[in-house]
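Structure record follows, encoded as C-alpha cells.
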Amino acid sequence: MIVLKYDGTFEGFLTVVFECYKRKLEPYNIIRASGSQEVLFTESEYIATQHGKAGRVWQGVRKRLPRRSLQLPYRAFLSEFPEVEMNLFRFFQRLFDSEACVETDFSDPSVLSLRKLDKKVSFEAMRMLQFVRFQKTKDNIFFAAIEPQFDVIPLIINHFKSRFAGQQWLIYDLKRDYGIFYNLKEVEEVTLSTKQFHPINGKVSPNILQEQEAEYKTLWRDYFNHINIKERKNLKVQRQHMPRRYWKFLPEVSGG
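Note that the sequence shown covers residues 1 to 256 in the UniProt record's numbering.
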C-alpha cells in the first residue's frame with residue numbers, strides 16, 4: 001500500500017493523478033505533505049509538482065466535463081476536507097474511463113461528497129463577498145482580515161479586482177497565513193513575516209491606521225445601531241444570515 005504526498009496545491013494534486021495513470025498506481029491515500037503523519041504498514045512517496053503534467057490532466061478534465069460543472073473539482077479541492085483527494089481521484093478515474101455523465105451520478109458516494117463540498121465552498125465564498133471589511137492604512141492600502149472555513153481566497157480575487165480596481169488592497173487569511181495583494185496592476189499572493197495587525201481579529205495597529213479610519217468605524221457603528229430597531233431585533237435570524245464567527249471582523253457588531 002502506497003501513500004502519495006504532494007505540496008498541497010491543486011496543480012500538485014493533478015500531478016499526482018498524472019503519475020498514478022502513467023505508473024498504474026492505485027494509492028491507498030493521497031495527502032498533503034505538510035502536517036501529514038506516517039501510516040503503519042504503508043510506504044510513502046512525495047510527488048513534486050510539474051506544471052506540464054498537471055496541465056495535461058486538467059485538459060483531459062475540460063474535455064470531459066460540461067462547462068457548468070468544470071469548477072466542481074477545484075471548488076471541492078479548496079474545502080481541504082481530509083478525504084477530498086481520494087474522492088477527486090476516484091471521480092477522475094470514472095471521468096476518464098467512462099462515457100457516461102459522471103458528474104450527475106449521485107449514487108456514487110464520491111460524486112455526492114464532491115457536490116456537497118462544492119456547494120459549501122461556493123456559499124462560503126459568497127459570504128466573504130458580503131462580510132469583508134477593509135481598514136485604510138496611512139500608506140493608502142485597504143487591508144481586510146478574513147478567517148473562512150474553507151480556502152476561498154482564489155474564488156474571490158476577480159470580484160475584488162474588478163470592484164476595487166482603482167485602490168491598493170490586501171485581503172489576508174488569518175487561518176492559512178497567506179493573502180492576496182493588489183498593486184493597481186496585478187494580484188500577487190503574499191505571506192507576511194511581520195504582521196502589524198491583531199492575530200485573532202485582524203485589527204490593524206493604530207500606529208499605521210489612517211487617522212480618519214477610527215471616525216469612519218464610529219459612524220458605521222452609529223448608523224448600524226440607528227437602523228437596528230430594538231423591537232424587531234431577532235438574534236436567531238441575525239445569526240443565520242451573519243454567523244457569529246464573522247462578528248469579530250465586523251465593526252458594526254464587534255465594537256472595534
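Even for Gly, the Cβ is constructed at its ideal location relative to N, Cα and C.
Bounding residues of the beta strand (DSSP E) (the contiguous stretch that carries residue i)
i: residue 32; result: 29-32
Cα-Cα separation, residue i to residue j
i: residue 16; j: residue 206; result: 46 Å
i: residue 12; j: residue 76; result: 15 Å
i: residue 14; j: residue 89; result: 9 Å
i: residue 144; j: residue 100; result: 44 Å
i: residue 19; j: residue 142; result: 42 Å
i: residue 245; j: residue 201; result: 10 Å
i: residue 29; j: residue 42; result: 10 Å
i: residue 121; j: residue 22; result: 31 Å
i: residue 124; j: residue 35; result: 24 Å
i: residue 127; j: residue 189; result: 21 Å
i: residue 250; j: residue 56; result: 43 Å
i: residue 115; j: residue 210; result: 44 Å
i: residue 53; j: residue 187; result: 25 Å
i: residue 150; j: residue 138; result: 31 Å
i: residue 93; j: residue 179; result: 33 Å
i: residue 129; j: residue 160; result: 8 Å
i: residue 257; j: residue 4; result: The question about residue 257 has no answer here: the residues shown for the chain are numbered 1 through 256.
i: residue 248; j: residue 204; result: 13 Å
i: residue 70; j: residue 59; result: 11 Å
i: residue 65; j: residue 98; result: 12 Å
i: residue 195; j: residue 61; result: 40 Å
i: residue 8; j: residue 140; result: 33 Å
i: residue 72; j: residue 199; result: 32 Å
i: residue 182; j: residue 117; result: 28 Å
i: residue 152; j: residue 111; result: 21 Å
i: residue 33; j: residue 163; result: 36 Å
i: residue 148; j: residue 193; result: 21 Å
i: residue 95; j: residue 197; result: 45 Å
i: residue 74; j: residue 208; result: 37 Å
i: residue 157; j: residue 1; result: 39 Å
i: residue 119; j: residue 113; result: 10 Å
i: residue 154; j: residue 67; result: 19 Å
Residue range of the unbroken alpha helix (DSSP H) whose run includes residue i
i: residue 5; result: First-last for residue 5: 2-6, but that is the beta strand (DSSP E), not the alpha helix (DSSP H).
i: residue 16; result: 10-23
DSSP state of residue i mapped onto helix, strand, coil
i: residue 26; result: coil
i: residue 99; result: coil
i: residue 113; result: helix
i: residue 243; result: coil
i: residue 106; result: coil
i: residue 223; result: For residue 223, the pLDDT reaches just 43, beneath the cut-off of 50, and the residue's location in the model is therefore unreliable, although a value from the coordinates is still provided. Looking at residue 223 - three-state DSSP - the assignment turns out to be helix.
Residue-chain proximity (residue i, chain C), Cβ-Cβ < 8 Å
i: residue 32; result: Absent from the structure is chain C; it holds one protein chain and no more.
Does the count of Cβ pairs from the region 170-177 and the region 104-111 closer than 8 Å reach three? no
Which residue spans inside the region 142-214 form an unbroken beta strand (DSSP E) run of at least 3? DSSP runs (the beta strand (DSSP E)) wholly in the region 142-214: 168-173, 178-182, 187-190.
Whether or not the region 76-83 and the region 40-48 are in contact is what I'm after, with contact meaning three or more pairs of Cβ atoms, one per stretch, closer than 8 Å; do they touch? no
What alpha helix (DSSP H) runs, 4 residues minimum, are completely inside the region 118-145? none
Start-end ranges of the alpha helix (DSSP H) lying completely within the region 35-92, minimum 4 residues: If we require 4 residues or more, the alpha helix (DSSP H) runs fully inside the region 35-92 come out as 51-64, 72-77.
Stretch pair the region 129-145 + the region 159-170: three plus CB contacts closer than 8 Å: Yes: the two stretches touch, three or more of their Cβ pairs being nearer than 8 Å.
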